[in-house]
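Enquirer: Quick one: structure below, then a few questions.
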Amino acid sequence: MTKRRRAAAVIVRDGRVLMVRERGRGPSGRHDGQEYWTLPGGGIGVGETAEDAVRREVVEEVGLRPVAVRYLLDVPYPSGLTSCFAVQVADGEPRLGDDRLPCDCPAMVGVDWVPLPQLQTETPGLPIPTMIVVWEPPT
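So for the sequence shown, the working numbering puts the first residue at 85; every next one is plus one.
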């Protein structure tokens with residue numbers, strides 16, 4: 085894990101959480117590698133608070149307008165420690181942001197509402213996946 089700080093949004097609607105599908109670096113060194121789903125979010129800029137970053141990232145990545153933001157917890161991600169926030173957004177449907185980056189970092193390739201897992205817990209709340217990795221089991 086890197087030392088880069090990140091912020092991510094937990095946006096829940098009708099028993100589903102909004103996630104962004106990304107593709108990492110692959111054999112070519114570009115965006116042709118493993119796919120995974122992750123919460124909308126990204127790096128915290130210099131002089132930016134984690135709350136400011138999550139608000140910016142929601143607009144950039146999924147085109148929704150945050151109306152309320154509440155800190156939840158910090159979660160280790162492969163790309164750095166991530167501050168997760170519960171984010172309420174204005175009405176509207178998400179759309180994939182423009183992620184044409186000149187770098188070899190992961191590229192956004194989709195956005196969708198993913199059903200929340202049905203888990204029995206001892207504490208109140210919702211079980212939220214922070215990342216779902218797509219993999220092919222060995223044959």
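For glycine and all other residues, C-beta sits at the position ideal for the given N, C-alpha and C. Keep in mind that this is a model prediction, so the values were computed, not measured.
Could you give the first and the last residue of the continuous beta strand (DSSP E) run that contains Glu206?
Expert: Position 122 of the sequence shown, counted from the first residue, corresponds to residue 206. Run containing Glu206: none; DSSP gives neither H nor E here.
Enquirer: So Ala224 and Ser167 are supposed to be a Cβ contact under 8 Å. How far apart are they, rounded?
Expert: This structure cannot speak to residue 224, because the chain is shown only from 85 to 223.
Enquirer: Output yes or no for whether 8 Å exceeds the beta carbon distance between Thr214 and Leu148.
Expert: On the sequence shown, position 130 is the one that residue 214 refers to. On the sequence shown, position 64 is the one that residue 148 refers to. No, the pair does not count as a contact, with Cβ atoms beyond the cut-off.
Enquirer: What do you reckon, are the CB atoms on Val104 and Val142 nearer than 8 Å?
Expert: Indexing the sequence shown from 1 puts residue 104 at position 20. Indexing the sequence shown from 1 puts residue 142 at position 58. No, these two residues do not count as a Cβ contact at 8 Å.
Enquirer: Let's see if you can read the secondary structure: which residues bound the beta strand (DSSP E) around Asp98?
Expert: Here residue 98 refers to the residue found at position 14 of the sequence shown. No beta strand (DSSP E) holds Asp98; DSSP gives it neither H nor E.
Enquirer: Give the C-beta separation of Val195 and Pro178 to the nearest angstrom, bearing in mind that I take them to be a contact with Cβ-Cβ under 8 Å.
Expert: As a working mapping, residue 195 is identified with position 111 in the sequence shown. As a working mapping, residue 178 is identified with position 94 in the sequence shown. Sure, about 5 Å apart at Cβ, within 8 Å.
Enquirer: Would Gly125 and Ala92 qualify as a contact pair, given that the criterion is a beta-carbon distance under 8 Å?
Expert: As a working mapping, residue 125 is identified with position 41 in the sequence shown. As a working mapping, residue 92 is identified with position 8 in the sequence shown. For the 8 Å CB-CB criterion, Gly125 and Ala92 form a contact.
Enquirer: Going straight from the alpha carbon of Arg139 to that of Glu106, what length do you get?
Expert: As a position in the sequence shown, residue 139 is number 55, starting the count at 1. As a position in the sequence shown, residue 106 is number 22, starting the count at 1. Roughly 20 Å between the two C-alpha positions.
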